[in-house]
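Asks:
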Amino acid sequence: MFRFALAALAALMIGPGAALAQQGPLHIEIDEGVIEPLPYALPSFVAETGGAGEMAAQISQVINADLSGTGLFRQIPENAYLQRFSSFDTPVSYADWQAINAQALIVGGVSTSGGKVVVKFRLFDVYSNQQLGDGQQLAASPQSWRRLAHKVADVIYSRITGESGYFDSRVVYVSESGPKDKRLKRLAIMDYDGANVNYLTDSSTIVLAPRFSPTGDRILYTTFETGFPRIKLMNVGNVSGQLLPEVPGTMTFSPRFSPDGNSIVYSLEQNGNTDLYKMSASGGSPARLTNSPAIETAPSFSPDGSRIVFESDRSGGPQLYIMPAGGGEPTRISYGDGRYGTPVWSPRGDMIAFTKQAGGRFFIGVMRTDGSEERLLTASFLDEGPTWSPNGRVIMFTRESPGAGGGAQLFTIDISGRNLKKVGNAGGASDPAWSPLLP
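Residues -21 to -1, 1 to 418, numbered by mature numbering (1 follows the signal peptide of the UniProt record, and there is no 0), are exactly what the sequence shown covers, in order.
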């Protein structure tokens, strides 16, 4: 595996100190909160066929936005470049890139043929004077050019950090419009960076808490279309949906898929009592997982499907608990001051993200799965509803501003608590759920 060495690196996670090389092979390890990002050069990709010039420029811009947006990388402006590429095969003049302190160089070409856009690219370690890995070539329809750019950025990110990327992914969320006292809500889906927004439902009924299946082709969410909260399953491809089987006299909400996609865990309220249940994604009778006079909600599976973390007020106020996926005695894991809710297990399996309310403020935080090493990443008037990027390094959440004119918007932050960013073009938005990497 190729890894870059940095004199100073940006990191996503608080941990033991990292030994840093001063020159030589570039290396980046994401394990400590240091600040300087890796300087890289990305000349606009070469248009290899007529008419590909505009698309080559657009693809280059998206790749730059993906990499720079992580906080781990810093693009060197093109007006500083000493070498220009008229062809994808132009030999690299390493001295020219060393002179401007570029530590990584990305060279690419774009062509159009047979109704397809073809992107090829190479990654170079400037200080070791060598190409890293084999060059790659990707192709897609012209309508999918942004996905091509995200895929290129994912490969580059992975080669430099040694971890999988997260750019070629989508987010489903609740799009919000109108005044606070008459807020209209509908399901929407977009690229991870806020581009390509598409609406999945109209605003004729309240919708809440959408959640992707592990393969990203289905969505569970709560709908009030019958007048009471019910769980609905939607096929993303054709936007068709069906209500899950109803137990008479109950309300169902807060659904989530199991990691294999075969089961659904959710909250069921009956006669004033709310417990967790599990049922097959194909239907059938539900199995009760908790049996308590408390309110049990917001369940989330561990990545291996063996355990569930959830929110319960059985101790007197909302706290976080973990239990076996088949039910059983839960173990409390949150003990700090305040109220805890909306826990979500990291795709890496090592952390749980949550919402915390304390001292009149809301926070997004993370803790180990045994409740240790709690860290609060954000603080504001109202932050809630975390969701993990596919590689477990970034968290997206809802932030609502105060006042009659305030609204909800989506933000991201890395798990070190750095690089807080508003998500692109989502507008009024809440309840995000991040998809896995697209196939």
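Glycine included, C-beta positions come from ideal geometry on N, C-alpha and C.
No experiment lies behind these values; they were computed from the predicted model shown.
Closer than 7 Å by C-beta to Gly263: which residues in its own chain qualify, once you throw out the five before and the five after it? Chain order, please.
Replies: Correct list: empty, nothing qualifies.
Asks: Below 8 Å between beta carbons: does that hold for Asn241 and Ser219?
Replies: Their beta carbons are not under 8 Å apart, which means Asn241 does not touch Ser219 by this criterion.
Asks: Considering only DSSP beta bridges, list what Trp124 is partnered with.
Replies: Trp124 pairs with nothing; no bridge assigned.
Asks: Can you give me the Cβ contacts of Gln109 inside the same chain, cut-off strictly under 8 Å, excluding the 5 residues immediately before and after it?
Replies: The residues are Phe103.
Asks: Check whether the Cβ atoms of Pro326 and Gly284 lie closer than 8 Å to each other.
Replies: No, they are not a contact pair.
Asks: Is it right to say Thr205 is buried, meaning 16 or more other beta carbons lie within 10 angstroms of its own, or is it exposed?
Replies: When all chains shown are included, Thr205 counts as exposed.
Asks: Take Asn252 as the anchor and find which of Asn270, Asp181 and Phe236 has the nearest alpha-carbon.
Replies: Nearest of Asn270, Asp181 and Phe236 to Asn252, Cα basis: Asn270.
Asks: Using only CA atoms, which one of Ile243, Glu57 and Arg340 lies nearest to Arg267?
Replies: If we check each option's Cα against that of Arg267, Ile243 comes out closest.
Asks: Mapping the DSSP letters down to three states, classify Gln62 as helix, strand or coil.
Replies: Residue state, collapsed to three classes: coil.
Asks: Taking Val345 and Ile394 to be in contact with their CB atoms under 8 Å, please state how far apart those CB atoms are, rounded to whole angstroms.
Replies: Going by Cβ atoms, the distance from Val345 to Ile394 rounds to 6 Å, so yes, they are a contact pair.
Asks: From which residue to which residue does the beta strand (DSSP E) around Tyr152 run?
Replies: Segment Arg149 to Ser156, the beta strand (DSSP E) holding Tyr152.
Asks: To the nearest angstrom, how far is the alpha carbon of Thr194 from that of Ser143?
Replies: Whole-angstrom Cα-Cα distance: 17 Å.
Asks: With a cut-off of 8 Å on the beta carbons, I'd call Gly50 and Arg397 a contact; round off their distance for me.
Replies: Yes, Gly50 and Arg397 are in contact; Cβ-Cβ is about 6 Å, under 8 Å.
Asks: Rounded to a whole number of angstroms, what is the C-alpha to C-alpha distance between Phe236 and Thr321?
Replies: Taking the straight line from one Cα to the other gives about 15 Å.
Asks: For Leu212, count the other beta carbons within 10 Å of its own beta carbon; 16 or more makes it buried, fewer makes it exposed. Which is it?
Replies: So Leu212 counts as buried.
Asks: I believe Ser154 touches Ala188 by the beta-carbon criterion, under 8 Å. Please report the beta-carbon distance rounded to the nearest angstrom.
Replies: Between Ala188 and Ser154 the Cβ distance is about 14 Å, and since that is not below 8 Å, they are no contact.
Asks: Quick check: the Cα distance between Thr202 and Lys401, rounded to an integer number of angstroms?
Replies: Using only the alpha carbons, I get a separation of about 27 Å.
Asks: Note down the Cα distance separating residue 450 from Ile331, rounded to an integer number of angstroms.
Replies: In the structure as shown, the chain begins at -21 and stops at 418. Residue 450 is therefore absent and cannot be evaluated.
Asks: My understanding is that Phe191 touches Ala412, with C-beta atoms under 8 Å, so please give their C-beta distance in whole angstroms.
Replies: About 6 Å separates the two Cβ atoms, so the contact holds.
Asks: Would you kindly work out how many angstroms separate the C-alpha atoms of Thr276 and Asn58, rounded to a whole number?
Replies: Cα to Cα, Thr276 sits roughly 54 Å from Asn58.
Asks: Taking the alpha helix (DSSP H) that Gly48 falls in, what are its first and last residues?
Replies: First-last of the alpha helix (DSSP H) with Gly48: Gly32 to Gly48.
Asks: Hey, how far is the Cα of Ala273 from the Cα of Arg293?
Replies: Distance between the alpha carbons of Ala273 and Arg293 is about 5 Å.
Asks: To the nearest angstrom, how far is it from the Cα of Asp254 to the Cα of Ser39?
Replies: Using only the alpha carbons, I get a separation of about 50 Å.
Asks: Check whether the Cβ atoms of Arg347 and Asp362 lie closer than 8 Å to each other.
Replies: No, the Cβ-Cβ distance between Arg347 and Asp362 is not below 8 Å.
Asks: Just the C-alpha distance for Thr357 and Ala408, rounded to the nearest angstrom, thanks.
Replies: In a straight line, the C-alpha of Thr357 is about 18 Å away from that of Ala408.
Asks: Let me know if Asp113 comes out buried or exposed under the rule of 16 or more other beta-carbons within 10 Å of its beta-carbon.
Replies: The residue in question, Asp113, is exposed, as its Cβ has fewer than 16 Cβ neighbours within 10 Å.
Asks: I need the DSSP call for Ser182, collapsed to helix, strand or coil.
Replies: Ser182 falls in the coil class under three-state DSSP.
Asks: I need the straight-line Cα distance from Lys95 to Lys164, nearest angstrom please.
Replies: Rounded to the nearest angstrom, the two C-alpha atoms are 37 Å apart.
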